[in-house]
């Protein structure tokens, strides 16, 4: 996967129509081969986990396929921490060497979140 090396930044985070990208300004994200996800801004470092999983029993949020490939992100933080918003089993919209685009449609209220990482 394109996350094997380098650092990434959140270039866009839209939470139910609200642009919350600035919550992650200055943070560099590293997706380790061992599933460790690190976010640091030079002062604060958060350590979480990431993985890619496949669930053939559900469908993508974008409706394009019967298989569901999820990009899972988890930071062990309180509910009021900005990084809690990133905790999800995101559907992968696209991945290349420089960009990861993820989407999540809430099962509760149908709201849509969109998260984009750009390689530094």
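Numbering (the numbering used here), first residue to last: 459 to 578. Using N, Cα and C, we set each Cβ at its ideal position, and we do this for glycine too. For clarity, every value in this text was computed on a predicted model and none was experimentally measured.
For residue i, the three-state DSSP class (helix, strand or coil)
| i | result |
| --- | --- |
| residue 485 | coil |
| residue 465 | coil |
| residue 480 | helix |
| residue 499 | coil |
| residue 473 | strand |
| residue 528 | strand |
| residue 549 | strand |
Environment of residue i [buried if 16+ CB atoms lie within 10 Å]
| i | result |
| --- | --- |
| residue 494 | exposed |
| residue 562 | buried |
| residue 574 | buried |
| residue 468 | buried |
| residue 559 | buried |
| residue 474 | exposed |
| residue 567 | exposed |
Limits of the beta strand (DSSP E) - the one that residue i falls within
| i | result |
| --- | --- |
| residue 541 | Taken as a continuous stretch (DSSP letters only), residue 541 belongs to no beta strand (DSSP E), as it is neither H nor E. |
| residue 506 | 503 to 513 |
| residue 570 | 570 to 577 |
| residue 534 | No beta strand (DSSP E) holds residue 534; DSSP gives it neither H nor E. |
| residue 562 | 557 to 563 |
C-alpha gap between residue i and residue j, whole angstroms
| i | j | result |
| --- | --- | --- |
| residue 546 | residue 531 | 6 Å |
| residue 517 | residue 492 | Bear in mind that a pLDDT of 46 at residue 517, under 50, signals an unreliable position, so the model cannot answer this. |
| residue 541 | residue 554 | 24 Å |
| residue 523 | residue 509 | Its pLDDT being 47, under 50, residue 523 is placed unreliably in this model, and the value from its coordinates should be taken loosely. Going from the Cα of residue 523 to the Cα of residue 509 covers about 20 Å. |
| residue 471 | residue 513 | 25 Å |
| residue 537 | residue 500 | 23 Å |
| residue 556 | residue 577 | 5 Å |
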